[in-house]
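Asks: Protein chains in written order, with this note's numbering: chain A, 1 to 333; chain B, 334 to 666. Starting off with a structure, shown below.
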DNA sequence: CTTTTTCATGAAAACATTTTCACCAGAATT
DNA sequence: AATTCTGGTGAAAATGTTTTCATGAAAAAG
């Protein structure tokens with residue numbers, strides 16, 4: 001069952017392989033009748049091109065690598081869908097990598113993608129491998145960072161307005177009359193964690209509210225952190241009246257803790273969150289949330305990448321695109 | 334910035350490229366000192382192998398294709414994660430394709446994967462491309478079907494016990510004293526839809542309950558169908574007392590409809606579902622659900638595939654693995 | 001009528017590997 | 001002492017394309 005090659009087609013059509021290649025790629029000049037002949041031969045012989053061979057010679061794989069933390073996080077699965085949709089539109093395929101926010105895995109994946117000669121990479125970077133990523137870019141493989149921005153990484157970025165969205169959200173909480181506002185947020189080494197926290201502080205400062213360090217919980221952007229942090233907050237002698245949880249995984253854990261403590265929302269605690277997963281709208285009460293333009297971020301990132309791939313405009317300075325989140329007011333505030 | 338090749342390494346080490354290749358692949362016999370020399374040269378020259386060239390010659394890409402309906406459906410994202418995890422473990426990478434349950438897209442993806450010379454394919458098949466898939470298998474590309482089984486597709490399969498799980502679930506509903514039990518289910522052309530419905534009927538029959546065709550809603554496995562179906566059920570002159578919704582997307586839509594109609598669960602309506610997404614446990618009341626062993630299905634499928642790839646045991650008849658779902662009793666029943 | 005373009009094609013190089021084959025030296029076996 | 005084997009190596013073939021270069025014929029331009 002050996003695959004038919006361009007050679008078999010050439011023999012069948014009685015022409016050279018160069019001519020077949022020309023027909024297949026719409027290259028150069030080729031006689032109308034010869035064209036017909038070749039196309040018929042392709043059909044008869046049941047030819048399917050070998051993308052590997054093509055890639056080797058043409059130095060283009062029509063493949064892009066995507067490295068995300070966790071495909072289970074709806075933020076990333078939606079982003080993956082967006083990227084896949086646009087990739088397909090432009091004839092690219094997607095190599096999916098789940099780094100688990102682990103920089104060692106990330107490194108392995110990066111090397112793998114490099115060896116596979118992907119045309120470009122979209123990554124939610126951990127920040128630990130920036131020299132490697134920079135060297136990729138220098139060597140001609142464009143890279144787009146999504147979700148967050150790493151200092152010193154000379155790659156395009158597509159992110160949301162973390163700081164101002166958080167600022168806006170916390171301002172709304174304050175408008176509603178709350179002063180004792182807690183924050184549950186992720187690591188401060190990545191921009192999402194840092195900027196969302198900065199937004200929180202700005203809003204407090206703007207309204208002359210002193211930040212209470214007991215109300216600020218910093219950990220990982222995951223369910224456990226959210227659960228533990230909320231439990232700690234609720235067991236404070238002077239617990240907060242409102243809480244802003246800075247991503248959907250943390251919020252899920254936090255909500256569990258709220259439930260276990262039989263705290264009623266919003267009467268006993270006002271609850272807001274970053275991200276807008278399915279359950280936020282379905283929860284009783286429905287939860288006020290900062291909805292990221294995740295699909296748009298993915299689309300934008302993919303288009304940016306493909307542009308870089310095609311134009312080889314390596315000279316151009318990296319651009320940082322910011323797409324605004326939207327605050328969805330619901331019943332939890 | 335041209336990539337370094339095996340040739341550069343050979344020159345640096347003062348040996349032939351065959352020797353370098355041997356060292357890199359742990360092939361054949363090579364002198365201890367030469368080995369050292371080559372390794373040092375690899376390091377010094379900053380060599381990174383070109384997987385494309387390697388694949389062309391060795392006829393193995395260490396890549397597997399995954400075609401799912403919708404990466405947003407937590408069933409598929411979890412499965413993707415499982416597959417990716419095991420793939421990585423065995424040194425394979427994952428080419429992700431979102432068919433959108435559209436057989437035309439599926440076809441395009443299949444052709445794409447074939448051209449890219451993936452070592453194998455895992456697919457939640459639409460059923461419209463079975464000749465093509467069969468021809469892949471015949472030509473030596475192993476294929477594993479997940480989630481569902483297509484009649485006449487000679488590929489291994491990994492699925493859950495749809496029929497008996499549904500049977501069990503509906504039996505429980507009946508045990509709780511309900512007789513007027515509705516079913517919201519997807520298309521009957523794929524096994525998930527068919528088997529879950531069959532389970533429902535068996536349970537009714539077993540308990541001498543006549544099936545009421547008004548209570549049976551068949552549509553697509555999506556949110557809209559769930560929403561519409563539930564609205565129709567609730568507006569019946571003689572509405573059901575219980576409903577079994579056959580996947581998570583439909584259930585989400587159905588739950589929306591329940592909410593809009595101000596129906597109280599479980600006092601006015603007993604609500605059970607297939608699949609166990611985040612929101613099922615968080616819902617108030619929490620929802621009784623059939624939890625599929627999704628991660629295990631993915632792992633199993635990946636291992637099965639990799640086995641096929643390595644052993645080239647094309648002779649072996651396809652196996653159908655069934656992994657049992659678990660019913661999680663919660664408050665909605 | 002010559003010279004230059006343009007069209008149409010084929011031969012062969014190039015892409016970066018793996019793998020087969022051949023070779024030789026030295027060790028082991030007869 | 002002749003032979004077989006074995007460890008170590010390099011040359012070259014092979015993988016299936018794209019692309020460059022060369023060539024000849026026909027058409028256009030002078």
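Positions of the beta carbon are idealized from the N, C-alpha and C atoms, including for glycine. Everything numeric in this text was worked out from a predicted model, so none of it was measured.
Can you tell me the Cα-Cα spacing of residue 595 of chain B and residue 505 of chain B, whole angstroms?
Replies: Computed Cα separation, rounded: 25 Å.
Asks: Check whether the Cβ atoms of residue 101 of chain A and residue 221 of chain A sit closer than 9 Å, and answer yes or no.
Replies: Taking 9 Å as the Cβ cut-off, residue 101 of chain A and residue 221 of chain A qualify as a contacting pair.
Asks: Spatial neighbours of residue 363 of chain B within its chain, please: CB distance less than 7 Å, with the 5 preceding and 5 following residues excluded, ordered by chain position.
Replies: For residue 363 of chain B, where only same-chain residues beyond five positions count, the Cβ hits under 7 Å are 352, 355, 356.
Asks: Got a sec? Which residues, its chain only, sit under 7 Å from residue 559 of chain B by beta carbon, not counting five neighbours each side?
Replies: Result list for residue 559 of chain B: 517, 578, 582, 583, 584, 585, 586, 587, in chain order.
Asks: Would you grab the beta carbon distance between residue 511 of chain B and residue 532 of chain B for me? Rounded to a whole angstrom, and I think it's under 8 Å.
Replies: Not quite, the Cβ-Cβ distance comes to about 16 Å (not below 8 Å), so this is no contact.
Asks: Can you tell me whether residue 189 of chain A is buried or exposed, with buried defined as 16 or more other CB within 10 angstroms of its CB?
Replies: So residue 189 of chain A counts as exposed.
Asks: Which residue spans inside the stretch 229 to 281 of chain A form an unbroken beta strand (DSSP E) run of at least 3?
Replies: Counting only runs of 3 or more, we get 242 to 245, 270 to 274.
Asks: With 9 Å as the threshold, decide whether the Cβ of residue 426 of chain B is near any Cβ in chain A.
Replies: Yes, because at least one Cβ of chain A sits closer than 9 Å to the Cβ of residue 426 of chain B.
Asks: Less than 6 Å between C-beta atoms, sequence neighbours within five positions excluded: which residues of the same chain meet that for residue 128 of chain A?
Replies: Taken in chain order, the residues that qualify are 103.
Asks: To the nearest angstrom, how far is the alpha carbon of residue 608 of chain B from that of residue 622 of chain B?
Replies: Rounded to whole angstroms, residue 608 of chain B to residue 622 of chain B spans 6 Å at the Cα level.
Asks: Quick one: what's got a C-beta closer than 6 Å to residue 308 of chain A's C-beta in the same chain, skipping five residues either side?
Replies: Around residue 308 of chain A: 142.
Asks: With 9 Å as the threshold, decide whether the Cβ of residue 448 of chain B is near any Cβ in chain A.
Replies: Output row for residue 448 of chain B: interface = yes.
Asks: Using 8 Å for Cβ pairs, my map puts residue 271 of chain A next to residue 213 of chain A. What's the rounded Cβ distance?
Replies: Contact doesn't hold; Cβ gap of about 21 Å is too wide.
Asks: Determine the contact status of residue 97 of chain A and residue 112 of chain A, defining contact as a CB-CB distance below 9 Å.
Replies: It is a contact, given that the beta carbons lie within the stated cut-off.
Asks: Out of A/256, A/85, A/210, state which residue places its alpha-carbon closest to the alpha-carbon of residue 232 of chain A.
Replies: Comparing Cα positions, the closest option is A/256.
Asks: Under 9 Å, do residue 405 of chain B and residue 417 of chain B count as touching if we go by C-beta distance?
Replies: Their beta carbons are not under 9 Å apart, which means residue 405 of chain B does not touch residue 417 of chain B by this criterion.
Asks: Just to confirm the assignment: which complete alpha helix (DSSP H) runs, minimum length 4, are found wholly within the stretch 37 to 118 of chain A?
Replies: Correct list: 51 to 58, 74 to 89, 103 to 115.
Asks: Excluding the 5 residues preceding and the 5 following residue 277 of chain A in the sequence, name in chain order all residues of the same chain whose CB lies nearer than 6 Å to its CB.
Replies: Counting only Cβ-Cβ distances below 6 Å, and skipping sequence neighbours, we find 74, 248.
Asks: Using DSSP with H/G/I as helix, E/B as strand and the rest coil, what is residue 180 of chain A?
Replies: Residue state, collapsed to three classes: coil.
Asks: Which value, in whole angstroms, describes the spacing of the CA atoms of residue 528 of chain B and residue 123 of chain A?
Replies: C-alpha separation (whole angstroms): 40 Å.
Asks: Would residue 430 of chain B count as contacting chain A if we go by Cβ distances under 9 Å?
Replies: Interface residue, yes.
Asks: Measure from the C-beta of residue 439 of chain B to each C-beta in chain A and report whether the shortest distance is under 9 Å.
Replies: It does not; no Cβ of chain A falls within 9 Å.
Asks: What does a CB cutoff of less than 8 Å around residue 149 of chain A pick up in its chain, not counting 5 residues either side in sequence?
Replies: These residues qualify, in order along the chain: 157, 159, 191, 320.
Asks: Please classify residue 649 of chain B as buried or exposed, where buried requires at least 16 other C-beta atoms within 10 Å of its C-beta.
Replies: Counting Cβ neighbours within 10 Å, residue 649 of chain B comes out exposed, since fewer than 16 surround it.
Asks: Check the DSSP bridge columns for residue 143 of chain A and list the partner residues they point to.
Replies: DSSP lists A/121 as partners of residue 143 of chain A.
Asks: Which residues in the same chain as residue 569 of chain B place their Cβ atom closer than 7 Å to its Cβ, once the five residues preceding and following it in sequence are excluded?
Replies: Same-chain partners within the cutoff: 547.
Asks: Classify residue 480 of chain B: buried if its beta carbon has 16 or more other beta carbons within 10 angstroms, exposed otherwise.
Replies: By the neighbour-count rule (16 or more Cβ atoms within 10 Å), residue 480 of chain B is buried.
Asks: Just to confirm, are residue 62 of chain A and residue 91 of chain A a CB contact at a threshold of 9 Å?
Replies: Taking 9 Å as the Cβ cut-off, residue 62 of chain A and residue 91 of chain A qualify as a contacting pair.
Asks: Please report how far the alpha carbon of residue 80 of chain A lies from the alpha carbon of residue 432 of chain B, in whole angstroms.
Replies: Roughly 13 Å between the two C-alpha positions.
Asks: In or out: residue 662 of chain B buried (at least 16 other Cβ within 10 Å) or exposed?
Replies: Exposed is the call here.
Asks: Would you please state the rounded distance, in angstroms, between the beta carbons of residue 350 of chain B and residue 340 of chain B? I believe it to be under 8 Å.
Replies: Correct: roughly 6 Å between the Cβ atoms.
Asks: Return the chain-ordered list of same chain residues with a C-beta closer than 6 Å to the C-beta of residue 286 of chain A, the five sequence neighbours on each side being excluded.
Replies: Answer for residue 286 of chain A: 330, 331, listed in chain order.
Asks: Starting from residue 552 of chain B, trace the beta strand (DSSP E) both ways and give me its first and last residue.
Replies: Note, residue 552 of chain B: beta strand (DSSP E), 549 to 552.
Asks: Taking 9 Å as the threshold (C-beta atoms), are residue 86 of chain A and residue 306 of chain A in contact?
Replies: The answer is yes: Cβ separation under 9 Å.
Asks: Express the C-alpha separation of residue 77 of chain A and residue 415 of chain B in angstroms, rounding to a whole number.
Replies: In a straight line, the C-alpha of residue 415 of chain B is about 14 Å away from that of residue 77 of chain A.
Asks: From the DSSP output, in three-state form, read off residue 484 of chain B for me.
Replies: Of the three classes helix, strand and coil, the one that applies to residue 484 of chain B here is coil, per DSSP.
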